[in-house]
Amino acid sequence: MAGRSSQSGEFSIEVTDLDTHYGDRQILHRVNLQVRKGEIMVIMGGSGSGKTTLLNHLLGLLSPSSGNVRILGEDLGRLTPMQRQMLRTRTGVAFQSGALFSSMSIGDNIALPLREHTDLDETTIGIMTRLKLEVVSLAGFENLMPAELSGGMIKRAALARAIVMDPELLFCDEPSAGLDPVVASSIDDLILRLRDAMGMSIVVVTHDLDSTFKIADRICVLDRGKVLALDTVEAIRASTDLRIQNLLNRRTEDAELDPDAYLRRLLGDASKPQDGARRT
Amino acid sequence: MSGGTGGNGLATFLDHLGRRVTAGVAEFGFAAMLVGESLFWLVAGRRRRQPVRLRPIVAQAMETGIGALPIVTVLSATIGIMLAIQGIYSLKLFGAESRVTLGVAMSTVREFAPLITGILVAGRSGSALAARLGTMRINQEIDALTVMGISPVRFLVAPPLVSMMVMLPCLTLWADLVGLFAAGLYIAPQLGSTMTAYADEVVSLLKMNDVLHGLAKSAIFAVLITIVGVVNGASVTGGAEGVGRMTTRSVVQAISAIVITDMIFVFMVTR
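Respectively, the protein sequence lines represent chains Y and D.
In terms of numbering that gives the first Met the number 0, the first sequence is residues 0 to 279.
In terms of numbering that gives the first Met the number 0, the second sequence is residues 0 to 270.
If you want it as structure tokens, here you go:
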């Protein structure tokens, strides 16, 4: 939002004027976002705010309609497949559902990036795997299959797999969703530890307010595909913006202000991208 | 969508038709790309520090090949005997039952063994492949591979492709042997001859070309089964139900592809 600098040294992620469409529908509108090195950026927003789409762009799983995404100084749109693969060994991703390979044991899951990307021998790989399991407090579970783990354990195992290559940049998709408060809070502590101990830049996508305020250095509030605010925790808390306040106080969406648009929707005539109609 | 009701039916029909055709062409292109990319990784993977590994190929080969042995044995024996019975019955009309070995040997080796093996493997391994990839997709495991910098094609498609291309001809060869042997068990006593005489006759009648004809077809079937399974698995949307739907679709498509390709192959090679 502020004047953007292209000094890649300072930022882990730079998103510039990102627009994206799903079919005719525009999902993200001119999103700008910078994540500094060594900070935890929480991307927050309700369902349908476009936060998953934004994450998929950051991961290079989607390509934008316009605008560009720089990860660790590299422009995702300009990389050859080979360079992209190299870049991906420097980032780690913990998916919402864990996305552990169900045909492999936990140990094999975590060891996979090492086996595929390094020439380390099996003993070293074993040690590094157990080390990361230790970090996420799952020591001794390496021989279990993903199906034998609880939800919280799967999330932690996914986190262990994401950090096994000691990435410079870590993405976590809803790390605490669906977990009980105690386990959720232990995952928050884990994320904070990763930043402090390893100096990782971490991007967390979540709708969980408690954990957002606990871990974030800065927060990016997404609403209907736009960046509503991008600021420190205190500034977001103090914000007078009605929509941010609604989000923070768990109030429901404000009422429809445009009766014409409402009527058109009821008549089933809103399949055309009547974009203005959705604005309040 | 507004507009008059008059041309609407036709327009909708054309719209659907167009979408179907585009989707079909896209799927075909996707399949071709998968084959190409798999071959690329097989050849160039090592240089790019992403080799296609032997272990999953062997594991897959065990599952595809060895696991299918019992059922392939049973069915090819059954088909051999069935062909012998039908052959003797129909040739009897001309009083030519003594020539039954020729018909049975040719049709088993050139047609029935590769076809039945292909259909069985499509049902066993093609569907399993589609289901596995579909589940991995809805579980974001394929995304996980991608963001780890591991090519999903290299990791998930190339190994089954290779193992299928090795194992399907092997199974076909086994089906040839079993089918011919079983046919002999019926033919020899019916013609008042011995198994040894029958075996000699088969060996003298069959040319290398006939056997290769069947094996070449089975290698093509292997590619079809794998790619149809992968394409369907990778296009799964809509949760567990979607996995089931695409698995069924992959079996139906693979078997249809096998039978049609068989006909085309025979048409091109035999005349």
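The beta carbon of each residue, even a glycine, is placed where N, CA and C say it ideally should be.
All of these numbers come straight from a predicted model, not from anything done at the bench.
Residue i at chain Y interface by Cβ criterion, 8 Å
i	result
alanine 143 of chain D	yes
glycine 148 of chain D	yes
asparagine 138 of chain D	yes
arginine 244 of chain D	no
arginine 47 of chain D	yes
aspartate 199 of chain D	no
valine 99 of chain D	no
glycine 2 of chain D	Legend: pLDDT at glycine 2 of chain D = 45, less than 50; position of this residue unreliable, value from coordinates given subsequently. No, no contact with chain Y.
Pick from the options that is closest to residue i, judged by C-alpha positions
i	options	result
asparagine 208 of chain D	D:Leu16, D:Ala104 and D:Arg48	D:Ala104
serine 175 of chain Y	Y:Asp165, Y:Thr205, Y:Ser200 and Y:Arg160	Y:Thr205
leucine 223 of chain D	D:Ser89, D:Ser203 and D:Leu167	D:Leu167
phenylalanine 27 of chain D	D:Glu240, D:Gly241, D:Val268 and D:Ser234	D:Ser234
alanine 146 of chain Y	Y:Asn108, Y:Glu173 and Y:Asp179	Y:Asn108
serine 126 of chain D	D:Thr269, D:Gly44, D:Thr246 and D:Met267	D:Thr246
serine 62 of chain Y	Y:Ile26, Y:Met43 and Y:Ser96	Y:Ile26
histidine 165 of chain Y	Y:Gly267, Y:Leu178 and Y:Ala196	Residue identity differs from the one stated: residue 165 of chain Y is aspartate in this sequence, not histidine. Ranking Y:Gly267, Y:Leu178 and Y:Ala196 by Cα distance to aspartate 165 of chain Y puts Y:Ala196 first.
alanine 143 of chain D	Y:Thr128, Y:Gln95, Y:Arg24 and Y:Leu178	Y:Gln95
threonine 211 of chain Y	Y:Gly198, Y:Met81 and Y:Glu233	Y:Glu233
phenylalanine 180 of chain D	D:Ile70, D:Leu92 and D:Thr100	D:Thr100
threonine 171 of chain D	D:Arg45, D:Ser106 and D:Leu214	D:Leu214
valine 265 of chain D	D:Lys216, D:Met164 and D:Gly241	D:Lys216
histidine 38 of chain Y	Y:Pro180, Y:Ile190 and Y:Asn142	Just to set this straight, residue 38 of chain Y is glutamate in the shown sequence, not histidine. Of Y:Pro180, Y:Ile190 and Y:Asn142, the residue nearest in Cα terms is Y:Ile190.
CB contact below 8 Å: residue i versus chain D
i	result
histidine 116 of chain Y	yes
methionine 43 of chain Y	no
methionine 127 of chain Y	no
arginine 87 of chain Y	yes
glutamine 25 of chain Y	no
methionine 81 of chain Y	yes
proline 174 of chain Y	no
leucine 60 of chain Y	yes
serine 185 of chain Y	no
alanine 98 of chain Y	yes
proline 112 of chain Y	yes
valine 134 of chain Y	no
serine 200 of chain Y	no
serine 149 of chain Y	no
serine 48 of chain Y	no
serine 101 of chain Y	yes
valine 92 of chain Y	yes
Neighbour-count burial assignment, residue i, 16 or more Cβ in a 10 Å radius
i	result
leucine 265 of chain Y	exposed
valine 250 of chain D	buried
glutamate 115 of chain Y	buried
phenylalanine 12 of chain D	exposed
arginine 69 of chain Y	buried
arginine 19 of chain D	exposed
arginine 192 of chain Y	exposed
asparagine 7 of chain D	exposed
aspartate 16 of chain Y	exposed
leucine 183 of chain D	Just to set this straight, residue 183 of chain D is glycine in the shown sequence, not leucine. Counting Cβ neighbours within 10 Å, glycine 183 of chain D comes out buried, since at least 16 surround it.
leucine 262 of chain Y	exposed
aspartate 222 of chain Y	buried
alanine 10 of chain D	exposed
tyrosine 185 of chain D	buried
methionine 43 of chain Y	buried
proline 112 of chain Y	buried
arginine 277 of chain Y	Its pLDDT being 44, under 50, arginine 277 of chain Y is placed unreliably by the model, and the measurement read from it follows with that caveat. Under this definition arginine 277 of chain Y is an exposed residue.
Residue i, enclosing beta strand (DSSP E) - first and last residue
i	result
valine 203 of chain Y	200-205
serine 65 of chain Y	65-70
lysine 225 of chain Y	225-231
arginine 217 of chain Y	217-222
glutamine 33 of chain Y	24-35
serine 11 of chain Y	10-21
glycine 91 of chain Y	90-93
phenylalanine 170 of chain Y	168-172
Alpha helix (DSSP H) segment containing residue i, residue limits
i	result
methionine 81 of chain Y	80-87
valine 120 of chain D	112-120
aspartate 188 of chain Y	180-197
methionine 262 of chain D	238-269
isoleucine 84 of chain D	68-91
Any non-hydrogen atom of the ligand ATP within 7 Å of residue i CB
i	result
methionine 85 of chain Y	With respect to the ligand ATP, the structure offers nothing, as it holds no ligand at all.
Problem - the segment 33-42 of chain D / the segment 156-175 of chain D touching (three or more Cβ pairs under 8 Å) - result: yes
Practice task
Take every Cβ of the segment 192-202 of chain Y, pair it with every Cβ of the segment 23-39 of chain Y, and state whether three or more of those distances are shorter than 8 Å.
Solution key: yes
Exercise for the section: Report yes or no: do the segment 184-202 of chain D and the segment 217-237 of chain D share at least 3 C-beta pairs separated by less than 8 Å? Expected result: With fewer than three CB-CB distances shorter than 8 Å, the segment 184-202 of chain D does not count as touching the segment 217-237 of chain D.
Practice task
Answer yes if the segment 243-261 of chain D comes into contact with the segment 143-156 of chain D, meaning at least three C-beta pairs across the two stretches below 8 Å, and no otherwise.
Solution key: no
Handout entry: Three CB pairs or more closer than 8 Å across the segment 104-122 of chain Y and the segment 168-187 of chain Y
Key = no
Handout entry: Any 3 or more C-beta pairs closer than 8 Å across the segment 105-115 of chain D and the segment 175-188 of chain D
Key = yes
Practice task
Give a yes or no on contact between the segment 73-92 of chain D and the segment 202-221 of chain D, applying the rule of three or more CB pairs nearer than 8 Å.
Solution key: no
Handout entry: contact_flag[the segment 152-171 of chain Y, the segment 84-91 of chain Y] where n(CB pairs < 8 Å) is 3 or more
Key = yes
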